[in-house]
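In the working numbering, the protein residues as written are 88 to 270.
Here it is as structure tokens:
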């Protein structure tokens, strides 16, 4: 029985398939990110329009933390197929803390430096500015940082390909997938 990934690839036009296979880790990372972006957006609006009405940066930070936790689990299990070593978890927390701050900075600038908030602008403009600065610009810049940092410091193999191939595997388990750009 083909995997969900194989079934999805079967529906992709033939000319795109080699590109997607070659960049499968990036594609998986972007799929996880898209789902977490949607989750973060929904949580952000729910918090902002209810219990955190006057605190948009706090609402975005909480929503981003929740999205980040979901992202970690999905990226670790699917996109990067890592094993959850204590060092990996610590590095993920550190990278994510920086990424959350990066994500919040455009919203802080929009609200408090450019004064795109009530009473200086209309409620509609404020919400559009919040969405564009916090959810679009902030998420995009944080995503670029996260992808680079995850590959560089978080989801790294313990050893090179030669050593990984020499380590005996449990029956029914494949050798861990190693990034192509690791020397």
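We put the beta carbon where it would ideally sit given N, CA and C, even for glycine.
Computed from a predicted structure; not experimentally measured.
(request) Figure out for me which residue from 110, 186, 104 has the closest Cα to the Cα of residue 167. (result) 110
(message) Here's a check: name, in chain order, each residue in its chain whose Cβ is nearer than 6 Å to the Cβ of residue 197, leaving out the five neighbours to either side.
(response) 203, 216, 220
(request) Classify residue 97 as buried or exposed, calling it buried when 16 or more other Cβ atoms lie within 10 Å of its own Cβ. (result) So residue 97 ends up on the exposed side.
(request) Report all residues from its chain with a CB closer than 7 Å to the CB of residue 187; omit the five preceding and five following residues, and keep chain order. (result) Answer for residue 187: 148, 151, 152, 155, listed in chain order.
(request) State buried or exposed for residue 88, treating a residue as buried only when at least 16 other CB atoms are found within 10 Å of its CB. (result) exposed
(request) Could you have a look at residue 222 and say whether DSSP puts it in helix, strand or coil? (result) Residue 222: helix per DSSP, three-state reduction.
(request) Classify residue 264 as helix, strand or coil using the three-state DSSP reduction. (result) Only weak support exists for where residue 264 lies, its pLDDT of 48 falling under 50; the coordinates are left without a value.
(message) Looking only at its chain, what residues have a beta carbon closer than 7 Å to the beta carbon of residue 241, apart from the 5 residues adjacent to it on each side?
(response) The beta carbon of residue 241 sits closer than 7 Å to those of 175, 178, 179, 182, all from its chain and outside the five residues before and after it, given in chain order.
(message) Just to confirm the assignment, what range does the alpha helix (DSSP H) spanning residue 214 have?
(response) 210–217 is the extent of the alpha helix (DSSP H) around residue 214.
(request) Please report how far the alpha carbon of residue 162 lies from the alpha carbon of residue 104, in whole angstroms. (result) One C-alpha to the other measures close to 21 Å.
(message) Counting C-beta neighbours from all protein chains within 10 Å, is the total for residue 199 16 or more, i.e. buried, or is it exposed?
(response) Burial call: exposed.
(request) Could you check which residue in 159, 141, 145, 192 has the C-alpha nearest to that of residue 229? (result) 192
(request) Please report how far the alpha carbon of residue 210 lies from the alpha carbon of residue 130, in whole angstroms. (result) 19 Å
(request) Give the straight-line distance between the Cα atoms of residue 114 and residue 206, rounded to the nearest whole angstrom. (result) 42 Å
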